[in-house]
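Everything below concerns the one structure shown next.
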Amino acid sequence: MNANLEILMYDASQLFLAPVLLAIAVLFLYAFHACGAFLWQAWQRRLGVDAGFELVELHRANPALDIAELEAVASQRLEVSRIATRVAPMLGLVATMIPMGPALKALGDGQLADVSHSLMVAFSAVILALIAAALTFWAHSVRRRWYATDLLAVEKGLPAACPASLEAAR
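Residue numbers (the working numbering): 56 to 225.
As structure tokens, then:
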């Protein structure tokens with residue numbers, strides 16, 4: 056009975072390897088998309104282009120929005136990168152652990168090529184997941200600071216394209 060349960064759990068865990076690897080691949084691609092969008096917005100902000108200051112532009116387009124509503128918009132825009140930042144390392148750990156079962160089984164059977172293959176999958180997946188998490192964390196953190204600065208500019212009625220005006224207001 057106990058052996059059947061163990062085999063069932065082992066087989067069930069192996070079913071998750073392909074979906075987890077696919078999710079890591081999607082998160083890895085998303086990380087580069089997020090970095091590209093971040094760099095584009097950084098360039099716009101540096102040049103003082105209005106589109107780089109999303110919340111200020113949103114407030115200009117709809118002055119009825121208050122700070123709480125703008126904070127909700129900022130939170131919504133940051134949500135995917137926040138989730139990616141947190142989920143990628145977890146999936147990396149899962150993708151590391153799943154191939155360890157077959158690797159240990161192959162080691163016990165003396166099949167070193169299978170051990171090598173399983174470890175290659177495990178370590179490659181965790182590396183890609185951690186890179187994805189690091190990139191999205193970086194972009195997310197800076198954008199969160201930008202949104203806080205934009206909200207401060209809206210609250211004080213300052214032009215957001217001029218960071219010096221925010222410094223002077225403090």
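Beta carbons: idealized from backbone N, C-alpha and C, even for Gly.
Sequence-distant partners of Gly147 (beyond 5 residues in either direction) whose C-beta falls short of 7 Å from its own C-beta, in its chain, are Ile79, Ala180, Val181, Ala184 and Leu185. The count of Cβ pairs closer than 8 Å, one atom from the region 198-213 and one from the region 113-128, reaches three, so the stretches are in contact. Annotated three-state conformation of Asp105 is helix, per DSSP.
Taking Val81 as reference, the option from Asp169, Gly163, Met152 and Val135 with the minimal CA-CA separation is Val135.
With respect to the C-alpha of Asp205, the residue from Trp193, Leu72, Ala129 and Leu84 having the closest C-alpha is Ala129.
Between the C-alpha atoms of Val176 and Met64 there is a straight-line separation of about 20 Å.
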